[in-house]
Structure formats: C-alpha cells, structure tokens
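The end of the sequence shown is residue 102 by UniProt numbering, with every number in the run present. Think of the CB as a built atom: it goes at the ideal place given N, C-alpha and C, for glycine as much as any other residue. Here the structure is a predicted model, which is why all the values come from computation and not from measurement.
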Amino acid sequence: MEASPSLCHCRARVYGLVQGVFYRASTQEKATQLGVAGWVRNCADGSVELEAFGTTTKVEELLAWCRRGPELARVDRVDIEWLPPPQHPDEWRQWNPFRVVR
1 MEASPSLCHC RARVYGLVQG VFYRASTQEK ATQLGVAGWV RNCADGSVEL EAFGTTTKVE
61 ELLAWCRRGP ELARVDRVDI EWLPPPQHPD EWRQWNPFRV VR
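Written as structure tokens, this is what we have:
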C-alpha cells in the first residue's frame, strides 16, 4: 500500500517586478493546474504575497514556478515561511480553488 502524500502550508513573499505583469493571475492559473489551494495578493511595497496549501510536491512545484514568474515579471527574491498545515480539511476548503484576494 502506498503512503499518502504529505501535506504542507507555506507563506511566500515575492520581490522584484511582480506587479502589473499578470503575476497574481498567472500564479492563480498555475496553482489551479497543480491542484494547490490558497491565495495571492499585491502588497503596498510592490511585492506579491501568497499562501499555498497542498501536497508537498505540488506546493514545491508552485514555489519553483514563483521563482520564475510569468513572462513579463522579473523575480529578484522569494522569501518562504513554512507553516504547520491546518488540522482539519475544512480549514483548507475556504481557499480552494486558489484565488486572487485584494
């Protein structure tokens, strides 16, 4: 019998030219393709912040994409904070599907 995939939760802050270049919409699209729950938003300092919930493999794949971003973006740095995964699936459902928040 296969072990179930491990779940993880992270918060990331993306710095560089990441606003006005479809970074949030592209992140939402990529997360949806991967089946990752969460949210993404612009920050007042010009960065983009996101939280992602899902299997470790899929969240890491999303973070790898975040380090590149969409075609028009220039990512200088991604700071990642690993958080404990929610204990109940209901805590995840509020952010599934992945969405852009304002």
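- The alpha-carbon of Leu17 is positioned some 5 angstroms away from that of Arg74.
- Taken atom to atom, the span from the alpha-carbon of Phe53 to that of Trp92 is near 7 angstroms.
- By the criterion of a C-beta distance shorter than 7 angstroms, Lys30 is surrounded in its chain by Leu62, Trp65, once the five residues flanking it on both sides are discounted.
- Between Leu50 and Pro84, the alpha-carbon positions lie close to 15 angstroms from each other.
- Taking Pro86 as the centre and dropping the five residues before and after it, the same chain places the C-beta of Trp92 closer than 6 angstroms to its C-beta, in chain order.
- The beta carbon of Gly20 sits closer than 7 angstroms to no other beta carbon from its chain once the five residues preceding and following it are set aside.
- Considered as a whole, the UniProt domain "Acylphosphatase-like" (9 to 102) harbours 23 to 34, 56 to 68, 89 to 93 as its complete alpha helix (DSSP H) runs of no fewer than 4 residues, in chain order.
- In this structure Val48 is not in contact with Val59, their Cβ atoms being roughly 16 angstroms apart against a cut-off of 8 angstroms.
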